[in-house]
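Written below as structure tokens is the structure these notes are about.
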Amino acid sequence: MANPRTFQIQEISAHPGPVPGQGTRREEPVCKYIDVSTCIGCKACEVACVEWNDHPFRETTFNDTYQTMPTTEWNYYNLIKFVEDERDGNLMWLMRKDQCMHCEDPGCLRACPADGAIIKYENGIVDFQQENCIGCGYCISGCPYDIPKFHPNTKKVYKCTLCSDRVGQGLEPACIKACPTGCLKFGTKSDMVQIAGLRAKQLREVSGFANAGVYDPPSIKGTHVIYVLHDIKQPERYGLPANPIIPPSYTYWKWLAKPTGLFMGLLGIAAVFFHRVMYGPKLPQPEPPENRTGPREETEAGRKETP
Amino acid sequence: MSVTTKNLDEGARGAFARVGTTRVRPGELLRHPVYTRVLHWSVAIFFILSLLTGFAIYSPWLFHWITPVFGGGPRTRLLHPWFGLLFEVFFLFQFLNWVGPMAWKEADRRWLKRLRQYATNQEAIEPEDVGFFNAGQKLYFWLILVSGVLFLITGLLIWFDDVVGRWIVAVSYVIHDLAALVMLAGFIIHVYEGTAHQPGTFRSMIDGTVTESWARTHHPGWYRTEKHRQEKR
Numbered sequence: 019m020a021n022p023r024t025f026q027i028q029e030i031s032a033h034p035g036p037v038p039g040q041g042t043r044r045e046e047p048v049c050k051y052i053d054v055s056t057c058i059g060c061k062a063c064e065v066a067c068v069e070w071n072d073h074p075f076r077e078t079t080f081n082d083t084y085q086t087m088p089t090t091e092w093n094y095y096n097l098i099k100f101v102e103d104e105r106d107g108n109l110m111w112l113m114r115k116d117q118c119m120h121c122e123d124p125g126c127l128r129a130c131p132a133d134g135a136i137i138k139y140e141n142g143i144v145d146f147q148q149e150n151c152i153g154c155g156y157c158i159s160g161c162p163y164d165i166p167k168f169h170p171n172t173k174k175v176y177k178c179t180l181c182s183d184r185v186g187q188g189l190e191p192a193c194i195k196a197c198p199t200g201c202l203k204f205g206t207k208s209d210m211v212q213i214a215g216l217r218a219k220q221l222r223e224v225s226g227f228a229n230a231g232v233y234d235p236p237s238i239k240g241t242h243v244i245y246v247l248h249d250i251k252q253p254e255r256y257g258l259p260a261n262p263i264i265p266p267s268y269t270y271w272k273w274l275a276k277p278t279g280l281f282m283g284l285l286g287i288a289a290v291f292f293h294r295v296m297y298g299p300k301l302p303q304p305e306p307p308e309n310r311t312g313p314r315e316e317t318e319a320g321r322k323e324t325p
Numbered sequence: 020m021s022v023t024t025k026n027l028d029e030g031a032r033g034a035f036a037r038v039g040t041t042r043v044r045p046g047e048l049l050r051h052p053v054y055t056r057v058l059h060w061s062v063a064i065f066f067i068l069s070l071l072t073g074f075a076i077y078s079p080w081l082f083h084w085i086t087p088v089f090g091g092g093p094r095t096r097l098l099h100p101w102f103g104l105l106f107e108v109f110f111l112f113q114f115l116n117w118v119g120p121m122a123w124k125e126a127d128r129r130w131l132k133r134l135r136q137y138a139t140n141q142e143a144i145e146p147e148d149v150g151f152f153n154a155g156q157k158l159y160f161w162l163i164l165v166s167g168v169l170f171l172i173t174g175l176l177i178w179f180d181d182v183v184g185r186w187i188v189a190v191s192y193v194i195h196d197l198a199a200l201v202m203l204a205g206f207i208i209h210v211y212e213g214t215a216h217q218p219g220t221f222r223s224m225i226d227g228t229v230t231e232s233w234a235r236t237h238h239p240g241w242y243r244t245e246k247h248r249q250e251k252r
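Chains as they are written, first to last, in the working numbering: chain C, 19 to 325; chain S, 20 to 252.
Given below as structure tokens:
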């Protein structure tokens with residue numbers, strides 16, 4: 019969590035009205051670059067993340083791989099996923115650093131019903147503000163990458179902050195600082211996209227990975243964490259969705275149908291009020307039922323108005 | 020309805036009638052016994068609490084207005100499913116209590132055909148075949164049942180979102196909202212008909228009685244059988 023004044027805020031979850039100061043300050047979009055082809059799986063980034071965020075050490079789960087635990091956790095934002103894959107009949111060990119992707123169109127922020135619990139800065143960092151979180155868990159279902167994690171004791175949701183507190187002070191994220199191979203880089207989005215493009219070209223032309231490319235999915239308007247993959251045609255091999263999508267419940271339904279529903283509710287209240295004004299009450303009729311066949315006494319409601 | 024639930028319902032009616040009283044004055048009829056009234060208001064209280072806490076989370080425009088009443092956003096979120104569950108429990112008893120008189124009849128089809136005349140107050144007195152409940156009340160009852168089942172299923176899925184997938188939560192969320200909006204529409208009409216539109220109705224849920232002219236006007240079929248029963252006695 020950065021001091022909100024450090025960066026200009028671009029979007030606030032469930033915020034009625036405009037974002038204060040939106041568009042008044044220029045902010046360069048930032049990006050984390052991850053080259054899976056040079057990752058050695060040392061887990062220095064995992065340790066750096068735990069240290070910088072002052073997270074307590076937690077028990078790990080051993081499931082016959084080198085992976086520390088099955089998924090990221092509320093106090094373990096950064097996890098290298100180890101996948102044993104195949105290439106030309108030989109083992110190919112895929113190592114991918116998994117963390118929040120800081121989507122340009124964040125599903126968590128779209129899903130959040132609490133004002134200010136999730137904010138997105140002009141520089142692209144998506145940050146959770148736990149003091150505003152109500153713990154409903156909608157962000158978890160809005161995320162295409164299964165990143166936000168619920169903490170049962172605090173009843174709040176946590177995820178990678180892209181070290182917004184460090185970035186706000188002009189430092190690179192802790193994972194980047196710890197990386198010994200240079201497979202992690204941090205800078206502006208345009209610089210990182212350019213470097214990633216060059217590296218993918220090198221992999222295609224020099225290293226024999228004909229399908230190498232950059233993972234920056236357009237379905238969520240790109241991400242502020244991009245990957246150089248050996249095979250961009252099959253991101254599923256690395257556990258990445260080829261076409262990440264936000265459920266329409268959090269886009270169309272929330273921003274179109276919900277206000278409409280609310281308006282219809284208000285319209286309903288107005289309708290019954292004016293119904294009473296226009297048609298009047300239904301009063302208990304005093305005459306016994308046998309008189310009903312005869313000429314009925316004209317009631318207020320039935321009488322035509324004369325000017 | 021099975022014999023056990025019928026016995027349970029009748030036992031509860033008897034127990035409540037022994038504790039509470041309904042005073043029927045001359046020229047009045049007993050409409051809702053103590054048990055029904057207690058159930059109705061239990062359902063109503065938890066429905067309104069669920070509605071308020073739910074609508075706080077439903078819309079950003081209501082969030083800041085409603086959450087302070089319930090002790091803030093996290094507390095509102097914490098309370099909503101429990102309010103909902105209590106609504107479900109009380110409605111289950113109300114369902115058992117009313118499922119008999121709420122059965123759909125041929126007369127209800129005729130009533131619906133003249134819904135327009137009903138809504139525009141064109142007939143001062145309801146047709147002879149309108150019994151204890153009219154078709155509108157019956158529709159609202161069955162609507163609550165359907166919505167209640169949808170609320171329960173989708174609500175549990177959203178509540179225990181860690182055991183179900185993200186798409187199930189996303190779909191449940193929309194169904195939960197739709198059920199709430201339909202219920203809100205029914206609720207607005209229900210409150211209006213029970214108070215401002217039909218004077219003399221509200222007391223049937225408070226004191227339990229209505230005047231004979233009220234019964235003759237709004238539920239002639241029920242009035243006739245009730246009179247018939249009194250004469251036989």
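Every residue gets a Cβ at the ideal spot worked out from N, C-alpha and C, and that includes glycine.
(1) Does the ligand HEM have a heavy atom nearer than 6 Å to the CB of C/I244?
(2) Going by the CB atoms, is the gap between S/G240 and S/V183 shorter than 7 Å?
(3) Specify the secondary structure class of S/K132 as computed by DSSP and reduced to three states.
(4) At the level of alpha carbons, what is the spacing between C/I58 and C/T199?
(5) Answer yes or no: does any C-beta atom of chain C fall closer than 7 Å to that of S/P52?
(6) Closest by CA to S/Y159, which one among S/H209, S/S232, S/W80, S/G39?
(7) Spatial neighbours of S/P100 within its chain, please: CB distance less than 7 Å, with the 5 preceding and 5 following residues excluded, ordered by chain position.
(8) Inspect the CB distances between the region 180-193 of chain C and the region 158-167 of chain C and report whether three or more fall short of 8 Å.
(9) Less than 7 Å between CB atoms is the rule here; does S/L200 satisfy it with respect to chain C?
(10) Out of curiosity, what's the CA-to-CA distance linking C/P325 and S/D127?
(11) Interface residues of chain S around C/H33 at Cβ under 8 Å?
(12) Once the 5 residues before and after S/Q217 are set aside, which same chain residues still bring their CB inside 7 Å of it?
(13) Let me know if C/V224 comes out buried or exposed under the rule of 16 or more other beta-carbons within 10 Å of its beta-carbon.
(14) Determine, using beta-carbon pairs with one atom in the region 237-254 of chain C and one in the region 103-122 of chain C, whether at least three such pairs fall under 8 Å.
(15) Check C/Y268 in the structure and name its three-state DSSP category.
(16) Helix or strand or just coil, what does DSSP make of S/T55?
(17) With 7 Å set as the bound, which would you pick, yes or no: does the beta-carbon of C/V290 sit closer than that to a beta-carbon of chain S?
(18) Find the nearest neighbour of S/L111 within the set S/S166, S/I144, S/Q136, judged by alpha-carbon distance.
(19) When DSSP builds the beta bridges, which residues end up paired with C/N108?
(20) According to DSSP, simplified to helix, strand and coil, what is C/Q187?
(21) S/P218 touches chain C at which residues, Cβ-Cβ below 7 Å?
(22) My output table needs one value for C/R333: the three-state DSSP class, helix, strand or coil.
(23) Quick check on the DSSP output: the beta strand (DSSP E) that includes C/T206 runs from which residue to which?
(24) Hey, how far is the Cα of C/A214 from the Cα of C/S55?
(25) Can you tell me which of S/R133, S/R50, S/L171 puts its alpha carbon nearest to the alpha carbon of S/G103?
(26) What in chain C is Cβ-close to S/W241, meaning under 7 Å?
(27) Hey, does S/W233 have any beta-carbon neighbour from chain C nearer than 7 Å?
(28) Looking at chain S, is there any beta carbon in it that lies within less than 7 Å of the beta carbon of C/D123?
(29) Taking 7 Å as the CB-CB cut-off, is C/P22 touching chain S?
Based on what the coordinates show:
(1) Among the components modelled here there is no ligand, and therefore nothing to report on the ligand HEM.
(2) no
(3) helix
(4) 8 Å
(5) no
(6) S/H209
(7) G174, W178
(8) no
(9) yes
(10) Its pLDDT being 49, under 50, C/P325 is placed unreliably by the model, and nothing is read from it.
(11) P79
(12) H237
(13) exposed
(14) yes
(15) helix
(16) helix
(17) yes
(18) S/S166
(19) C/R105
(20) coil
(21) P299, L301
(22) Outside the displayed span of chain C (19 to 325) sits residue 333 of chain C, for which this structure offers no information.
(23) 202-206
(24) 11 Å
(25) S/L171
(26) Result: empty, since nearest Cβ-Cβ is about 13 Å, beyond 7 Å.
(27) yes
(28) no
(29) Residue confidence for C/P22 is low, a pLDDT of 49 falling below 50, so the modelled location carries little weight; the figure read from the coordinates is stated next. Cβ-Cβ to chain S under 7 Å: no for C/P22.
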